[in-house]
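Peer 1:
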Amino acid sequence: MQLADEPVATATLDGAYDTQGCCAALFGLGIMPVIPPRKNAKPWKSKITGSEVGNAAIAACKRLGCRIWKRWSGYHRRSLAETKMHCFTRLGSRVMARTFDRQVAELQVRAALLNRFTALGCPKTVAVAAMG
2 MQLADEPVAT ATLDGAYDTQ GCCAALFGLG IMPVIPPRKN AKPWKSKITG
52 SEVGNAAIAA CKRLGCRIWK RWSGYHRRSL AETKMHCFTR LGSRVMARTF
102 DRQVAELQVR AALLNRFTAL GCPKTVAVAA MG
């Protein structure tokens, strides 16, 4: 895994990564996993690394529902990031640059283009009449 010299506090992953090995690996790196439990998830034994987090997610999803858990845990931000990355790939199917610094520069240019397109295409909402 390649990470720039930035500390990573959390990793938001989809339900396919809801495994004991994945959670243990993330905790070993000091990263807090945010992973929704699978539909048939069972609580883990307490001696497994990360079991408290996984078991809390299972309990919250059963008690509150997965939709509320996703909002509460910040998991919904993952879909926002995936949508933005989809926009990046629509501008070009892959990053053309080979070195990391040039890849960063290329992505910054793409981000500037997306921001310009977003600014041009955002609707302006104006209240016409008061509801009541």
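Add 1 to the 1-based position in the sequence shown for the working numbering, that's all there is to it. Yeah, the Cβ is synthetic: ideal placement off N, Cα and C, and Gly gets one too.
1) Over what stretch of residues does the alpha helix (DSSP H) that includes alanine 60 continue unbroken?
2) Would you mind working out which of Cys67, Ser52, Asn56, Ala10 sits nearest alanine 25, comparing C-alpha positions?
3) Mapping the DSSP letters down to three states, classify valine 9 as helix, strand or coil.
4) Taking Cβ positions, are alanine 58 and proline 37 nearer each other than 8 Å?
5) Please classify lysine 63 as buried or exposed, where buried requires at least 16 neighbouring CB atoms within 10 angstroms.
6) When we look at the beta-carbon of serine 80 and count the other beta-carbons within 10 Å, is it buried (16 or more) or exposed?
7) Measuring CB to CB, does alanine 42 end up less than 8 Å from aspartate 15?
8) Taking all protein chains shown into account, decide if lysine 71 is buried (16 or more other Cβ within 10 angstroms of its Cβ) or exposed.
9) Let me check one thing: in DSSP terms, what residues is valine 35 bridge-paired to?
10) Counting only the same chain and skipping the five closest in sequence on each side, list residues whose C-beta sits under 8 Å from that of valine 54.
11) Once the 5 residues before and after arginine 78 are set aside, which same chain residues still bring their CB inside 7 Å of it?
Peer 2: Taking the geometry as given:
1) Unbroken alpha helix (DSSP H) run through alanine 60: 52 to 65.
2) Ser52
3) Coil.
4) yes
5) Per the 10 Å Cβ criterion, exposed.
6) exposed
7) no
8) Burial call: buried.
9) Thr13
10) Cys24, Met33, Pro34
11) Thr13
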